[in-house]
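> When the letters of the sequence shown are read in order and numbered with this note's numbering, they come out as residues 25 to 409. Even for Gly, the Cβ is constructed at its ideal location relative to N, Cα and C.
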Amino acid sequence: MLPSQRTLFDLPREVCYLNAAGWSPLPLAVQEAGRAGVARKGRPWELAPDFAAAQHERARAAAARLINADPGDVALIPSVSYGVATAGKALRPPAGSRVLVLEDDHSSPVLEWTTRAPAEGFAVETVRRPGNGDWTAALLEAVERPGAPPVALASVSSVHWSDGGVLALDGVARTLRARGAALVVDATHAVGVVRTDVAVLDPDFLVFPTYKWVLGPYGRAFLYVAKRRQGEEGVPLEQTSHGRRGIAADRVPYLRDLSFAPGARRFDMGERDHFVSLEMAAVGMEMMAGWGADAIAGRLRALTDRMAEGLRGAAGVRLADARVRAPHLLCLEFPDGMPEGLDGRLAAEGVHAAPRLGRLRLSPHVYNDEEDADRFVEAFRKLAR
Ligand SMILES: Cc1ncc(COP(=O)(O)O)c(C=O)c1O
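1) So if DSSP puts glycine 189 in a beta bridge, which residue, or which two residues, is it bridged to?
2) Got a sec: does ligand 1 put a non-hydrogen atom nearer than 8 Å to the Cβ of valine 39?
3) For threonine 264, which three-state DSSP category applies?
4) Less than 9 Å between the beta carbons of valine 108 and valine 218, yes or no?
5) Going by DSSP, what residues sit across from proline 379 in a beta bridge?
6) Which partner residues does threonine 150 have in the DSSP bridge list?
7) Pull up the CB-CB distance for valine 151 and leucine 124, whole angstroms please, since I reckon it's below 8 Å.
8) Please classify tryptophan 159: is it buried, with 16 or more other beta-carbons within 10 angstroms of its beta-carbon, or exposed?
9) Just verifying my parser: in three-state terms, what is the DSSP assignment at glycine 334?
10) What number of angstroms, rounded off, separates the C-alpha of proline 68 from the C-alpha of alanine 305?
11) For leucine 370, which of helix, strand or coil comes out of DSSP?
12) Can you check DSSP and say which residues form a bridge with isoleucine 91?
13) Can you tell me whether aspartate 360 is buried or exposed? The criterion is at least 16 other CB atoms within 10 Å of its CB, across all chains shown.
14) Assign glutamine 263 to one of two classes, buried (16 or more other C-beta atoms within 10 Å of its C-beta) or exposed (fewer than that).
15) So, for alanine 397: in the same chain, excluding its five sequence neighbours on each side, which residues have a beta-carbon less than 6 Å away from its beta-carbon?
16) If you pair each beta-carbon of the stretch 44-60 with each one of the stretch 271-282, do three or more pairs fall below 8 Å?
17) Does the structure place the stretch 292-312 close enough to the stretch 68-86 that three or more beta carbon pairs sit under 8 Å?
18) Judging by CA-CA distance, which residue of Leu407, Leu177 and Gly240 is the nearest neighbour of alanine 202?
19) Tell me, please, which residues DSSP counts as bridged to asparagine 43.
20) What's the call for proline 36, buried or exposed, on a 16-neighbour Cβ count within 10 Å?
21) When the Cα of arginine 383 is compared with those of His266, Ser121 and Met362, which residue comes out closest?
22) How big is the Cα-Cα spacing for glycine 374 and alanine 166?
23) Evaluate alanine 182 with the Cβ neighbour count: other Cβ atoms within 10 Å of its Cβ, from every protein chain shown; 16 or more gives buried, anything less gives exposed.
24) Run through DSSP, which three-state label would glycine 270 get?
25) Taking 8 Å as the cut-off, is the C-beta of arginine 208 nearer than that to any heavy atom in ligand 1?
26) Tell me the DSSP bridge mates of valine 248?
27) For ligand 1, is there a heavy atom less than 8 Å away from the beta-carbon of lysine 113?
28) I need the straight-line Cα distance from arginine 89 to glycine 334, nearest angstrom please.
29) Which residue from Ala372, Glu136, Arg116 and Asp393 puts its Cα closest to that of leucine 407?
30) Compare the Cα-Cα distances from leucine 26 to each of Glu402, Asn392 and Phe404 and report the closest residue.
31) Check whether the Cβ atoms of aspartate 228 and arginine 244 sit closer than 9 Å, and answer yes or no.
32) With DSSP as the reference, label alanine 57 as helix, strand or coil.
33) Run through the stretch 156-201 for me and flag every whole beta strand (DSSP E) of 3 or more residues, listed as ranges in chain order.
34) Run the proximity test for serine 103: is its beta-carbon closer than 8 Å to any non-hydrogen atom belonging to ligand 1?
35) State the start and end residues of the unbroken alpha helix (DSSP H) segment that holds serine 105.
36) With DSSP as the reference, label aspartate 292 as helix, strand or coil.
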């Protein structure tokens, strides 16, 4: 099994950090990349002419590798909501159709559709959380519900941020495609840990940020765009010079060829040349690829299972069935309510977990170890009494 990678982080022994799903600490190597990037910006005359292109393509390739994509199908963007808005520019759900979202899914894959629905006449249907926690079955059932209006698209997370439920989207994607419907995936809590393969899944758009599971900075995210969405309707959110084939500051005429750059590069954000964060993002993603999703998932499953086992029989706590939860998230439900101030009291003991919609979310990463898992259980049993 992958051993704990704690020594690669600036993580004091007395800190038990179980909130990677909130934001992860940066590996030392990523911090170093950030410092080097700042120093470079201080002396821009030292950069080689091909520096910018090399930085873009390194990050693009690192992101593509994590989702088994062609780098040419990946755009450099700043956030998940930006990616969904980009998808929203191409996708026009017809009046009378349905757009499916998950109950209490993060706002980023949802608000694009709820905002537009009244004016455009489509309905946003919220798939309710099923009692058994099986989001995959619930989503599939909603897609296939007999007599319901046609589904135009599903815009869903592949791992639910607040309950840790994992969605096996391959079958859902096939069913959507067979109905001519699109799929937008917010893979924030999947990429890097839960194997994500766009060649198999074949979504229309898939987006993930770097600041949580892939150990990078804020302000960096990546958008996969299926080739079928790179045609006429593939108009980027921002109109940038690098999104066009022939706009260069060192050549006349300046606006030489305004046709869109090939592939997903046209969707690259304005000011993509933030080399400080771009290199940090690349280093974090390369580290993740080096360990591999299966090894990371195996490690984190062992830690969340260990905590689940340690909590067995704890009064007033319910855990989702291991079958429906992601390997790296353990969300504690409290049928009678979470004890008042629990997260604050845990934090005072050096144990950091996140309260999310009434649950306590534990999200270990490669820097955690068995000692952290046991420490959480001990602190919880003491404080939740
Ligand atoms: C599922 C999910 N999607 C997206 C985000 C972040 O969205 P954005 O990059 O639009 O700020 C989060 C952050 O918590 C999240 O949990």
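Answer, in terms of the structure:
1) As a first step, residue 189 is located in the sequence shown; it is residue number 165 there, counting from the start. Within the DSSP secondary-structure output, glycine 189 pairs in a beta bridge with Arg349.
2) Along the sequence shown, one-based indexing puts residue 39 at 15. No; taking the cut-off as 8 Å, the Cβ of valine 39 has no heavy atom of ligand 1 nearer than that.
3) Numbered from its first residue, the sequence shown carries residue 264 at position 240. DSSP places threonine 264 outside both helix and strand once states are collapsed to three, so it counts as coil.
4) Residue 108 sits at position 84 when you count from the first residue of the sequence shown. Residue 218 sits at position 194 when you count from the first residue of the sequence shown. Going by C-beta atoms, valine 108 is not nearer than 9 Å to valine 218.
5) Counting from 1 along the sequence shown, the entry for residue 379 is found at position 355. Answer by DSSP bridge pairing, in chain order: Leu384.
6) Position 126 of the sequence shown holds residue 150. DSSP links threonine 150 through a beta bridge to Val125.
7) Numbered from its first residue, the sequence shown carries residue 151 at position 127. Numbered from its first residue, the sequence shown carries residue 124 at position 100. Sure, about 6 Å apart at Cβ, within 8 Å.
8) Taking the sequence shown and counting its residues from 1, one reaches residue 159 at position 135. The C-beta of tryptophan 159 has 16 or more other C-beta atoms within 10 Å across all chains shown, which makes the residue buried.
9) Locating residue 334 in the sequence shown gives position 310, where the first residue counts as 1. Correct three-state label for glycine 334: helix.
10) One-based indexing of the sequence shown puts residue 68 at position 44. One-based indexing of the sequence shown puts residue 305 at position 281. Answer to the nearest angstrom: the Cα atoms are 20 Å apart.
11) Counting from 1 along the sequence shown, the entry for residue 370 is found at position 346. It is helical.
12) Counting from 1 along the sequence shown, the entry for residue 91 is found at position 67. DSSP output for isoleucine 91 lists no bridge partner at all.
13) To locate residue 360, count along the sequence shown from 1; it is residue 336. Exposed is the call here.
14) As a working mapping, residue 263 is identified with position 239 in the sequence shown. It counts as exposed.
15) On the sequence shown, residue 397 is found 373 positions in, with the first residue counted as 1. Within the same chain, and ignoring the five residues on either side of alanine 397 in sequence, the residues whose Cβ sits closer than 6 Å to its Cβ are Leu327, Arg330 and Met331.
16) Fewer than three pairs of CB atoms, one per stretch, sit closer than 8 Å, so the stretch 44-60 makes no contact with the stretch 271-282.
17) Counting Cβ pairs under 8 Å, three or more are found: they touch.
18) Here the question's residue 202 lines up with position 178 in the sequence shown. For the residues Leu407, Leu177 and Gly240, the minimum Cα distance to alanine 202 belongs to Leu177.
19) Looking up residue 43 in the sequence shown gives position 19. According to DSSP, which records beta bridges pairwise, asparagine 43 is partnered with Ser387.
20) As a first step, residue 36 is located in the sequence shown; it is residue number 12 there, counting from the start. Burial state of proline 36 is exposed, judged by a 10 Å Cβ sphere holding fewer than 16 other Cβ atoms.
21) Start at 1 with the first residue of the sequence shown, and residue 383 comes out as number 359. For arginine 383, the nearest C-alpha among the options comes from Met362.
22) Residue numbering aside, residue 374 sits at position 350 when the sequence shown is read from its first letter. Residue numbering aside, residue 166 sits at position 142 when the sequence shown is read from its first letter. Their Cα atoms are separated by approximately 43 Å.
23) Looking up residue 182 in the sequence shown gives position 158. Checking the sequence shown, residue 182 turns out to be serine, not alanine. Result: buried.
24) Here residue 270 is taken as the residue at index 246 of the sequence shown, counted from 1. Strand at glycine 270.
25) As a working note, residue 208 is residue 184 in the sequence shown. Checking the displayed sequence, the identity of residue 208 turns out to be valine instead of arginine. No, ligand 1 has no heavy atom inside 8 Å of this Cβ.
26) In the sequence shown, residue 248 corresponds to position 224, counting from 1. One point to set straight first is that residue 248 is tyrosine, not valine, in the sequence displayed. Answer is Val98 and Leu230, bridged to tyrosine 248.
27) In the sequence shown, counting from the first residue as 1, residue 113 sits at position 89. Lysine 113 has its CB no nearer than 8 Å to any heavy atom of ligand 1.
28) Looking up residue 89 in the sequence shown gives position 65. Looking up residue 334 in the sequence shown gives position 310. The straight-line gap separating the alpha-carbon atoms of arginine 89 and glycine 334 is approximately 36 Å.
29) In the sequence shown, residue 407 corresponds to position 383, counting from 1. The residue with the shortest Cα to Cα distance from leucine 407 is Ala372.
30) Along the sequence shown, read from residue 1 onward, the residue named residue 26 stands at position 2. Comparing Cα-Cα distances from leucine 26 to each of Glu402, Asn392 and Phe404, the minimum goes to Asn392.
31) The residue given as residue 228 occupies position 204 in the sequence shown. The residue given as residue 244 occupies position 220 in the sequence shown. Not closer than 9 Å, so no.
32) The residue given as residue 57 occupies position 33 in the sequence shown. For alanine 57, the secondary structure class from DSSP, reduced to helix, strand or coil, is helix.
33) 175-181, all fully within the stretch 156-201.
34) Mapped onto the sequence shown, residue 103 falls at position 79. It does: the Cβ of serine 103 is within 8 Å (strictly closer) of some heavy atom of ligand 1.
35) To locate residue 105, count along the sequence shown from 1; it is residue 81. Serine 105: member of the alpha helix (DSSP H) spanning 104-114, first to last residue.
36) Translated into the one-based positions of the sequence shown, residue 292 becomes position 268. Aspartate 292: coil per DSSP, three-state reduction.
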